[in-house]
Amino acid sequence: MKRYIVFLVFVLCSFLLFTQAKATCPDGWVERPVVIDNFPACNYYITARVCLRCNISAPFIQFKITEIIGIDSCIGFYLPSFIDFLCARLSANYFEFCPGGYIPCAAGRRDIYVYIPLCFYENDEQPFDFLFCQENWCVEHWSVCTLPDGTVDVVKLSDSQLVGNPPETCIKNPYPQPPGVCFHIETECTP
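Okay, so the sequence shown: first residue is 0 according to numbering that gives the first Met the number 0, each after it adds one.
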(Lines of atoms letter the chains of each structure in order from A and count residues from 1; the text may use other names and numbers.)
(Lines give C-alpha, C1' and ligand atoms only; values in the text may rest on other atoms or scores of the structure.)
Protein backbone atom coordinates (compact mmCIF):
# COMPACT_ATOMS: atom_id res chain seq x y z
CA MET A 1 0.00 0.00 0.00
CA LYS A 2 2.81 2.38 0.86
CA ARG A 3 4.38 1.81 -2.57
CA TYR A 4 1.09 2.73 -4.26
CA ILE A 5 0.89 5.98 -2.31
CA VAL A 6 4.50 6.86 -3.20
CA PHE A 7 3.78 5.99 -6.84
CA LEU A 8 0.60 8.10 -6.84
CA VAL A 9 2.47 11.08 -5.35
CA PHE A 10 5.20 10.64 -8.00
CA VAL A 11 2.66 10.57 -10.83
CA LEU A 12 0.87 13.64 -9.47
CA CYS A 13 4.12 15.61 -9.11
CA SER A 14 5.22 14.57 -12.61
CA PHE A 15 1.90 15.72 -14.02
CA LEU A 16 2.16 19.10 -12.29
CA LEU A 17 5.72 19.61 -13.51
CA PHE A 18 4.80 18.60 -17.05
CA THR A 19 1.79 20.90 -17.24
CA GLN A 20 3.82 23.78 -15.84
CA ALA A 21 6.59 23.16 -18.38
CA LYS A 22 4.07 23.03 -21.26
CA ALA A 23 2.32 26.27 -20.25
CA THR A 24 3.01 28.96 -22.82
CA CYS A 25 0.73 31.68 -21.52
CA PRO A 26 1.90 34.52 -19.28
CA ASP A 27 0.32 35.02 -15.86
CA GLY A 28 -3.22 36.30 -16.15
CA TRP A 29 -3.74 34.71 -19.58
CA VAL A 30 -5.61 31.46 -20.33
CA GLU A 31 -4.78 29.00 -23.11
CA ARG A 32 -7.60 28.12 -25.53
CA PRO A 33 -7.65 25.97 -28.66
CA VAL A 34 -9.39 27.53 -31.66
CA VAL A 35 -10.55 25.05 -34.29
CA ILE A 36 -10.72 26.32 -37.87
CA ASP A 37 -12.72 23.97 -40.08
CA ASN A 38 -13.43 26.29 -43.02
CA PHE A 39 -10.03 27.49 -44.23
CA PRO A 40 -9.97 27.19 -48.05
CA ALA A 41 -8.12 24.26 -49.67
CA CYS A 42 -7.95 22.24 -46.45
CA ASN A 43 -9.47 18.78 -46.14
CA TYR A 44 -9.31 18.73 -42.37
CA TYR A 45 -9.45 21.19 -39.53
CA ILE A 46 -6.57 23.30 -38.24
CA THR A 47 -6.15 24.00 -34.54
CA ALA A 48 -4.56 27.18 -33.30
CA ARG A 49 -3.59 27.56 -29.68
CA VAL A 50 -3.98 31.07 -28.34
CA CYS A 51 -3.45 32.73 -25.02
CA LEU A 52 -6.48 34.78 -24.08
CA ARG A 53 -6.88 37.65 -21.65
CA CYS A 54 -10.25 39.21 -21.06
CA ASN A 55 -12.20 40.78 -18.27
CA ILE A 56 -15.95 41.30 -18.25
CA SER A 57 -15.50 44.90 -17.11
CA ALA A 58 -12.59 45.74 -19.45
CA PRO A 59 -13.29 47.28 -22.86
CA PHE A 60 -10.73 45.06 -24.60
CA ILE A 61 -9.78 41.45 -25.29
CA GLN A 62 -6.26 40.21 -26.08
CA PHE A 63 -5.18 37.09 -27.99
CA LYS A 64 -1.64 35.75 -28.46
CA ILE A 65 -1.18 33.12 -31.17
CA THR A 66 1.26 30.51 -29.84
CA GLU A 67 0.84 27.38 -32.00
CA ILE A 68 -0.76 26.24 -35.26
CA ILE A 69 -1.40 22.50 -35.67
CA GLY A 70 -2.68 20.36 -38.53
CA ILE A 71 -1.95 22.21 -41.73
CA ASP A 72 -0.69 19.06 -43.48
CA SER A 73 -4.17 18.52 -44.97
CA CYS A 74 -4.05 21.83 -46.84
CA ILE A 75 -3.10 22.29 -50.48
CA GLY A 76 -0.84 25.25 -51.17
CA PHE A 77 -0.87 26.34 -47.54
CA TYR A 78 0.52 29.82 -46.90
CA LEU A 79 1.06 30.60 -43.21
CA PRO A 80 0.56 34.40 -43.40
CA SER A 81 -2.82 34.01 -45.16
CA PHE A 82 -3.94 31.54 -42.50
CA ILE A 83 -2.89 33.97 -39.77
CA ASP A 84 -4.95 36.72 -41.44
CA PHE A 85 -7.90 34.32 -41.55
CA LEU A 86 -7.38 33.38 -37.89
CA CYS A 87 -7.18 37.03 -36.77
CA ALA A 88 -10.45 37.80 -38.56
CA ARG A 89 -12.05 34.71 -36.98
CA LEU A 90 -10.92 35.68 -33.47
CA SER A 91 -12.15 39.24 -33.90
CA ALA A 92 -15.51 38.42 -35.48
CA ASN A 93 -16.28 35.71 -32.91
CA TYR A 94 -14.91 37.41 -29.82
CA PHE A 95 -18.10 36.63 -27.87
CA GLU A 96 -17.13 32.92 -27.88
CA PHE A 97 -14.07 33.64 -25.79
CA CYS A 98 -15.04 36.26 -23.23
CA PRO A 99 -18.19 36.66 -21.15
CA GLY A 100 -20.27 39.72 -21.84
CA GLY A 101 -18.74 40.03 -25.28
CA TYR A 102 -21.67 41.50 -27.20
CA ILE A 103 -21.65 45.29 -27.30
CA PRO A 104 -24.29 47.08 -29.38
CA CYS A 105 -22.66 49.60 -31.73
CA ALA A 106 -24.90 52.33 -30.27
CA ALA A 107 -23.23 51.73 -26.87
CA GLY A 108 -19.66 51.78 -28.14
CA ARG A 109 -17.14 49.33 -29.47
CA ARG A 110 -14.84 46.71 -27.97
CA ASP A 111 -11.13 46.74 -28.76
CA ILE A 112 -9.43 43.48 -29.66
CA TYR A 113 -5.66 43.10 -29.81
CA VAL A 114 -4.21 40.08 -31.59
CA TYR A 115 -0.52 39.33 -30.97
CA ILE A 116 0.93 37.60 -34.04
CA PRO A 117 4.37 36.03 -33.67
CA LEU A 118 6.95 37.43 -36.07
CA CYS A 119 9.01 34.25 -35.79
CA PHE A 120 7.82 30.63 -35.95
CA TYR A 121 9.51 27.26 -36.11
CA GLU A 122 8.22 23.88 -37.19
CA ASN A 123 8.29 21.27 -34.45
CA ASP A 124 10.98 18.75 -35.36
CA GLU A 125 9.12 16.04 -33.43
CA GLN A 126 5.71 16.67 -35.02
CA PRO A 127 5.63 17.87 -38.65
CA PHE A 128 3.24 20.70 -39.56
CA ASP A 129 3.11 21.87 -35.94
CA PHE A 130 4.21 25.52 -35.91
CA LEU A 131 5.15 27.20 -32.64
CA PHE A 132 6.25 30.74 -31.93
CA CYS A 133 9.89 31.40 -31.22
CA GLN A 134 11.16 34.56 -29.58
CA GLU A 135 8.96 37.05 -27.76
CA ASN A 136 8.38 39.33 -30.75
CA TRP A 137 4.89 40.23 -31.84
CA CYS A 138 2.98 42.23 -34.39
CA VAL A 139 -0.03 43.53 -32.48
CA GLU A 140 -3.08 44.10 -34.67
CA HIS A 141 -5.82 46.33 -33.31
CA TRP A 142 -9.42 45.48 -34.19
CA SER A 143 -12.63 47.20 -33.16
CA VAL A 144 -15.94 45.32 -32.94
CA CYS A 145 -19.56 45.81 -32.00
CA THR A 146 -22.95 44.29 -32.79
CA LEU A 147 -25.30 45.96 -35.29
CA PRO A 148 -29.07 46.15 -34.63
CA ASP A 149 -29.67 43.16 -36.96
CA GLY A 150 -27.32 41.02 -34.82
CA THR A 151 -24.35 40.92 -37.18
CA VAL A 152 -20.92 41.75 -35.86
CA ASP A 153 -19.27 44.85 -37.30
CA VAL A 154 -15.51 44.24 -37.42
CA VAL A 155 -13.04 46.98 -38.31
CA LYS A 156 -9.30 46.39 -38.54
CA LEU A 157 -7.57 49.55 -37.41
CA SER A 158 -4.33 50.59 -39.04
CA ASP A 159 -2.28 51.12 -35.91
CA SER A 160 -0.53 47.72 -35.80
CA GLN A 161 2.63 47.91 -33.77
CA LEU A 162 5.81 45.93 -33.30
CA VAL A 163 6.50 44.61 -29.80
CA GLY A 164 9.99 43.25 -29.23
CA ASN A 165 13.10 43.17 -31.35
CA PRO A 166 13.30 40.14 -33.68
CA PRO A 167 16.82 38.72 -33.98
CA GLU A 168 18.61 38.92 -37.32
CA THR A 169 18.59 35.12 -37.60
CA CYS A 170 14.80 35.12 -37.66
CA ILE A 171 14.42 38.09 -40.02
CA LYS A 172 16.81 36.55 -42.56
CA ASN A 173 15.00 33.19 -42.62
CA PRO A 174 11.87 33.16 -44.78
CA TYR A 175 9.66 30.07 -44.73
CA PRO A 176 10.17 27.22 -45.59
CA GLN A 177 12.98 26.27 -43.25
CA PRO A 178 14.02 22.89 -41.85
CA PRO A 179 12.16 21.88 -38.67
CA GLY A 180 13.53 23.53 -35.54
CA VAL A 181 14.85 26.62 -37.39
CA CYS A 182 13.25 29.92 -36.42
CA PHE A 183 11.81 31.65 -39.50
CA HIS A 184 10.14 34.99 -40.19
CA ILE A 185 6.65 35.61 -41.55
CA GLU A 186 5.61 38.79 -43.30
CA THR A 187 3.17 40.98 -41.39
CA GLU A 188 2.19 44.63 -41.37
CA CYS A 189 4.81 45.08 -38.66
CA THR A 190 7.67 43.50 -40.60
CA PRO A 191 10.88 45.35 -39.73
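We put the CB at the ideal spot given by N, CA and C, even for glycine.
(1) So, for T23: in the same chain, excluding its five sequence neighbours on each side, which residues have a beta-carbon less than 6 Å away from its beta-carbon?
(2) One question on the structure: do Y93 and R108 come within less than 8 Å of each other, judged by their Cβ atoms?
(3) Where are the beta strand (DSSP E) runs, 3 residues long or more, that stay fully inside the segment 102-132, in chain order?
(4) Measuring CA to CA, which of Q61, V138, C73, P173 is closest to N42?
(5) Please state whether the Cβ-Cβ distance between F62 and V113 is less than 8 Å.
(6) With 16 other CB atoms within 10 Å as the buried threshold, where does S80 fall?
(7) State the Cα-Cα distance for the pair A243 and C132, rounded to the nearest angstrom.
(8) Excluding five sequence neighbours on each side, which residues of the same chain lie with their C-beta closer than 6 Å to the C-beta of Q160?
(9) Looking at C-alpha atoms only, which residue of E124, I102, Q125, Y120 is the closest neighbour of E134?
(10) Express the C-alpha separation of E124 and C181 in angstroms, rounding to a whole number.
(11) For C53 and P25, which I take to be in contact (beta-carbon distance under 8 Å), what is that distance rounded to the nearest angstrom?
(12) In three-state terms, what does DSSP make of D148?
(13) Report the option in K171, V34, E187 whose CA atom is closest to the CA atom of L156.
(14) Have a look at C118, Y77, V143 and flag the residue whose alpha-carbon is nearest the alpha-carbon of P166.
A quick look at the data gives this:
(1) T65
(2) no
(3) 109-116, 118-121, 128-131
(4) C73
(5) yes
(6) exposed
(7) Absent from the structure is residue 243, since the part of the chain shown begins at 0 and ends at 190.
(8) V138
(9) Y120
(10) 15 Å
(11) Incorrect: roughly 14 Å between the Cβ atoms, too far for contact.
(12) coil
(13) E187
(14) C118
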